[in-house]
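Encoded as structure tokens, the structure appears first; notes follow it.
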Amino acid sequence: MSAEANLTTALSEIDRARDIVEFSTVVVARDKQLRKADQLVFLQKAAVEFQSRFLPSFEDSIRAERSWGYATTCNAVSRKAGGQPGRDACEKIASRVSQIDHALMAKIGIRALSIFAASFGRHSRSSECHYGAIRIARLCREESRSLQELNNLSLAALINGFSKWPEEADCRQAAVAIAGEVIRRANRHHQLSDFTQQGLVSLVNGFSKWPEEVTSRQAAAALALEIVRRPGRLRAFAQQGLAILVNGFSKWPDERPYGQVTVAIAGEVLGRAARFREFSEQDLANLVNGFSKWPDDAVSGQATVAIASELLRRATQLPHYTQQGLANLVNGFCKWPEDAVCRKATVAIAGEVLRRAAQLRDLTQQGLANLVNGFSKWPEELAVRRAAVALAREVLRRATQLDDFSQQGLANLVNGFSNWPEELPCAQVTVMLAGEVLRRTERGTGLSDFSAQDLRGIVIGFNRWPRESAARQATIAVINEVLGRGIRLFDFTKPDSENLLDGFSKWPQDAARHEAIAEIIRQLKLTQTGAAQLRTEEK
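For the sequence shown, UniProt numbering assigns the number 1 to the initial residue and increments by one for each residue that follows.
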């Protein structure tokens with residue numbers, strides 16, 4: 001049968017379907033059989049028919065225990081191929097789900113609800129899908145025992161649907177309930193041996209959206225141990241699966257199980273070096289970003305260098321990377337600043353960033369800060385310098401959005417741009433960032449939410465601009481916070497101390513006599529003297 005005849009037959013079958021059971025059966029079967037171009041036509045036609053013929057009787061069908069057909073149809077048409085008609089159908093059924101009472105929700109069944117959650121998550125910007133997911137999350141939270149009915153893939157569908165709204169309290173609490181169910185199963189005699197590769201990957205990806213939740217971390221650890229425990233371990237995982245695992249486990253870099261499995265994945269990635277062309281651009285970016293959380297591990301470093309070589313080999317494909325992907329690559333490569341291949345790959349990315357100068361507004365605040373931080377490890381490279389100047393201009397354009405930068409992001413910008421003091425845009429953006437730091441000192445919490453590492457980076461960065469009044473004022477504000485916590489918490493290295501003292505020596509005399517500056521100079525000198533005495537005693 002020709003492709004055209006296949007499409008005609010498929011369209012005829014959905015027209016003849018008498019009820020939602022027949023309709024959904026045809027949609028699911030034909031979705032897998034049709035070629036891509038015909039699939040678009042078929043699914044969009046199915047979405048329109050679904051809305052007009054079956055959606056009006058949704059609640060009645062639930063009472064008749066026919067909700068499964070609605071879930072599987074929604075799952076099919078909500079994908080990219082379903083286009084706008086598919087999105088419309090998904091939003092309308094999500095709206096209906098959000099308004100259903102508890103008794104009727106329970107009648108839908110947890111398996112069908114897991115499919116709805118995954119479908120709604122594909123359109124996370126839709127308010128209807130948002131509220132539909134919240135309604136499902138509340139049921140999972142309130143009726144957590146029902147999660148025992150689900151297999152690992154259905155649990156994964158739920159958590160990945162909820163993960164599109166990580167700040168939503170109901171989604172967070174539902175994720176904790178799902179994590180608890182995974183932990184319960186991990187304590188069985190056969191542990192998680194019945195979990196598929198896809199289930200393991202999807203669950204890790206979902207839990208990583210709530211890294212601060214203890215239960216999420218424990219569930220992810222159980223999944224990591226299952227991966228390490230299996231014979232053959234990682235050979236069965238697809239390239240994308242490996243990348244998702246590394247990116248997910250990287251949210252807990254200080255936990256041993258995640259380090260063990262990441263090193264194992266790095267070894268597997270090295271073993272697939274001859275097949276790197278099978279890794280997508282996003283896969284490579286996720287791997288580098290994940291491996292960078294373990295920069296002291298030799299295997300992670302070797303895998304990263306191998307990926308950098310692959311990136312250079314396919315440098316013509318850099319335009320295919322997303323802005324976030326480029327930022328992840330640079331943020332990863334910069335953890336190995338002495339490696340020549342990582343340097344060359346970063347220079348190539350800098351050229352691509354410069355080429356996209358007009359599209360830098362699409363970068364997230366974190367992506368922007370990560371690029372600046374990464375490029376700052378190779379400040380002498382001309383392409384890197386030019387890209388940094390373009391990024392400085394983008395930060396200047398976002399003058400009214402500085403509050404959106406995290407503490408770490410702000411520190412990365414200050415410290416990063418200080419590597420190009422002769423570039424006017426870098427000087428201008430430093431003055432602007434100094435104003436933002438001063439503004440934050442006036443909050444009730446002051447700078448207490450900045451980590452010691454962030455404050456250390458800000459002091460070092462601003463002190464490279466001794467002639468800028470705003471930078472000096474911000475430096476004084478940060479040093480007051482440093483002195484309040486105790487200088488020993490900040491681990492200033494010998495080069496750090498020397499650079500800071502050199503910077504302070506260039507301040508105007510009246511500014512250098514400020515009480516906070518005089519005290520930090522005294523303490524830095526004491527620290528240096530103590531370190532020198534310790535070295536003498538060791539000899």
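Even for Gly, the Cβ is constructed at its ideal location relative to N, Cα and C.
Helix, strand or coil at residue i according to DSSP, with G and I counted as helix
{"i": "residue 345", "result": "helix"}
{"i": "residue 334", "result": "coil"}
{"i": "residue 68", "result": "helix"}
{"i": "residue 321", "result": "coil"}
{"i": "residue 100", "result": "coil"}
{"i": "residue 194", "result": "coil"}
{"i": "residue 474", "result": "helix"}
{"i": "residue 187", "result": "coil"}
{"i": "residue 445", "result": "coil"}
{"i": "residue 416", "result": "helix"}
{"i": "residue 358", "result": "helix"}
{"i": "residue 232", "result": "coil"}
{"i": "residue 168", "result": "coil"}
{"i": "residue 107", "result": "helix"}
{"i": "residue 328", "result": "helix"}
{"i": "residue 451", "result": "coil"}
{"i": "residue 205", "result": "helix"}
{"i": "residue 381", "result": "coil"}
{"i": "residue 80", "result": "helix"}
{"i": "residue 522", "result": "helix"}
{"i": "residue 114", "result": "helix"}
{"i": "residue 219", "result": "helix"}
{"i": "residue 13", "result": "helix"}
{"i": "residue 119", "result": "helix"}
Residue i versus residue j - alpha carbon distance
{"i": "residue 188", "j": "residue 181", "result": "11 Å"}
{"i": "residue 52", "j": "residue 433", "result": "54 Å"}
{"i": "residue 422", "j": "residue 393", "result": "15 Å"}
{"i": "residue 46", "j": "residue 198", "result": "28 Å"}
{"i": "residue 316", "j": "residue 329", "result": "16 Å"}
{"i": "residue 131", "j": "residue 121", "result": "11 Å"}
{"i": "residue 55", "j": "residue 361", "result": "40 Å"}
{"i": "residue 302", "j": "residue 474", "result": "40 Å"}
{"i": "residue 103", "j": "residue 59", "result": "12 Å"}
{"i": "residue 499", "j": "residue 312", "result": "35 Å"}
{"i": "residue 33", "j": "residue 7", "result": "10 Å"}
{"i": "residue 298", "j": "residue 87", "result": "46 Å"}
{"i": "residue 281", "j": "residue 64", "result": "47 Å"}
{"i": "residue 345", "j": "residue 385", "result": "15 Å"}
{"i": "residue 261", "j": "residue 294", "result": "12 Å"}
{"i": "residue 522", "j": "residue 191", "result": "58 Å"}
{"i": "residue 485", "j": "residue 453", "result": "13 Å"}
{"i": "residue 326", "j": "residue 300", "result": "19 Å"}
{"i": "residue 455", "j": "residue 377", "result": "19 Å"}
{"i": "residue 496", "j": "residue 478", "result": "16 Å"}
{"i": "residue 163", "j": "residue 467", "result": "47 Å"}
{"i": "residue 334", "j": "residue 343", "result": "8 Å"}
{"i": "residue 540", "j": "residue 319", "result": "Only positions 1 to 539 of the chain appear in this structure, which leaves residue 540 out of reach."}
Residue range of the unbroken alpha helix (DSSP H) whose run includes residue i
{"i": "residue 495", "result": "494–504"}
{"i": "residue 130", "result": "127–142"}
{"i": "residue 24", "result": "20–33"}
{"i": "residue 63", "result": "58–63"}
{"i": "residue 36", "result": "36–49"}
{"i": "residue 365", "result": "365–375"}
{"i": "residue 159", "result": "152–162"}
{"i": "residue 487", "result": "From DSSP, residue 487 is part of no alpha helix (DSSP H); its letter is neither H nor E."}
{"i": "residue 270", "result": "256–271"}
{"i": "residue 310", "result": "298–313"}
{"i": "residue 54", "result": "Counting along the chain, residue 54 falls outside any alpha helix (DSSP H), and DSSP gives it neither H nor E."}
{"i": "residue 242", "result": "239–249"}
{"i": "residue 285", "result": "281–291"}
{"i": "residue 509", "result": "509–512"}
Whole-number beta carbon distance between residue j and residue i, since they are thought to touch under 8 Å
{"i": "residue 308", "j": "residue 341", "result": "5 Å"}
{"i": "residue 416", "j": "residue 366", "result": "Actually they are not in contact, since the Cβ atoms of residue 416 and residue 366 sit about 13 Å apart, beyond 8 Å."}
{"i": "residue 411", "j": "residue 375", "result": "With 8 Å as the limit, residue 411 and residue 375 do not qualify as a contact, their Cβ atoms being about 15 Å apart."}
{"i": "residue 78", "j": "residue 20", "result": "That pair is no contact at about 16 Å."}
{"i": "residue 17", "j": "residue 50", "result": "That belief does not hold up - the Cβ atoms of residue 17 and residue 50 are roughly 10 Å apart, past 8 Å."}
{"i": "residue 220", "j": "residue 161", "result": "Going by Cβ atoms, the distance from residue 220 to residue 161 rounds to 18 Å, so no, they are not a contact pair."}
Cβ of residue i within 8 Å of any chain C Cβ
{"i": "residue 430", "result": "The question asks about chain C, but that chain is absent: this structure has only one protein chain."}
Cβ pair count under 8 Å reaching 3, the region 384–404 against the region 349–359: yes
Stretch-stretch touch, CB-based, cutoff 8 Å, three pairs: the region 260–271 with the region 236–247: yes
Cβ pair count under 8 Å reaching 3, the region 107–116 against the region 134–150: yes
Touch test, the region 424–432 against the region 483–490, Cβ-Cβ under 8 Å, three pairs minimum: no
Three or more C-beta pairs below 8 Å linking the region 239–250 and the region 278–294: yes
Stretch-stretch touch, CB-based, cutoff 8 Å, three pairs: the region 142–150 with the region 195–211: no
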